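Novice:
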Amino acid sequence: MQEKRRIKVLMCCLGPETHNRGILTVCGMLRDAGMEIVYLGNASPEEAIKIAIEEDVDAVGVSSLSGGHLGVGKILMDLAKDQDLDKQIAFFIGGVIPPKDIPKLKEMGFDGVYPSGATREEIINGMREPILAKAN
């Protein structure tokens with residue numbers, strides 16, 4: 001019987017974020033749920049895409065706490081779309097995200113948006129479906 005590969009997720013803070021407590025908490029949640037984590041710390045959208053390709057990840061999760069989520073989110077998703085990665089890799093964003101920005105981020109191509117206060121179950125269950133859908 002062939003063993004299935006664990007879901008592999010690249011996690012990073014986009015831009016000059018100074019707080020990593022939230023993303024490290026989410027990394028722990030995902031690891032506890034059986035996912036393999038590649039943690040970059042702070043990264044540019046270009047670095048995130050490059051490492052996502054090199055590491056052959058199933059998903060990219062990014063954190064934004066400083067209000068730059070629309071700007072850096074657009075850059076990340078434009079880069080992903082330029083290489084058709086948005087069809088192969090699931091993309092997620094979380095952090096301090098006003099409710100009015102959630103539809104904008106989803107229109108950009110994010111498969112899931114998790115504002116502050118999202119629960120462990122919301123994050124893990126919300127990520128699995130798009131990851132598995134894009135893996136097939």
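When the letters of the sequence shown are read in order and numbered with full-length UniProt numbering, they come out as residues 1 to 136.
All residues carry an ideal CB built from backbone N, CA and C; glycine is no exception.
The structure presented is a predicted model; accordingly, all values stated were derived computationally and were not measured.
Which value, in whole angstroms, describes the spacing of the CA atoms of R6 and A80?
Specialist: Within the sequence shown, residue 6 is the residue found at index 6, counting from 1. Within the sequence shown, residue 80 is the residue found at index 80, counting from 1. Spanning the two alpha carbons is a distance of roughly 22 angstroms.
Novice: Quick one: what does DSSP say M11 is sitting in, helix, strand or coil?
Specialist: Counting from 1 along the sequence shown, the entry for residue 11 is found at position 11. Note: M11 maps to strand in three-state DSSP.
Novice: Is L132 buried or exposed, if buried means 16 or more other CB atoms sit within 10 Å of its CB?
Specialist: For the purposes of this step, residue 132 is taken as residue 132 along the sequence shown, with counting starting at 1. Label assigned to L132: exposed.
Novice: Would you mind listing the alpha helix (DSSP H) stretches within the UniProt domain "B12-binding" (6-136) that are 4+ residues and don't spill past its ends, in chain order?
Specialist: 21-32, 45-55, 69-82, 102-108 and 120-135
Novice: Buried or exposed for S116, going by 16 or more other Cβ atoms inside 10 Å?
Specialist: In the sequence shown, counting from the first residue as 1, residue 116 sits at position 116. S116 should be labelled exposed.
Novice: Using the C-alpha atoms, what's the distance from I89 back to D82?
Specialist: Here residue 82 refers to the residue found at position 82 of the sequence shown. Here residue 89 refers to the residue found at position 89 of the sequence shown. In this structure, the CA atom of D82 is about 13 angstroms from the CA atom of I89.
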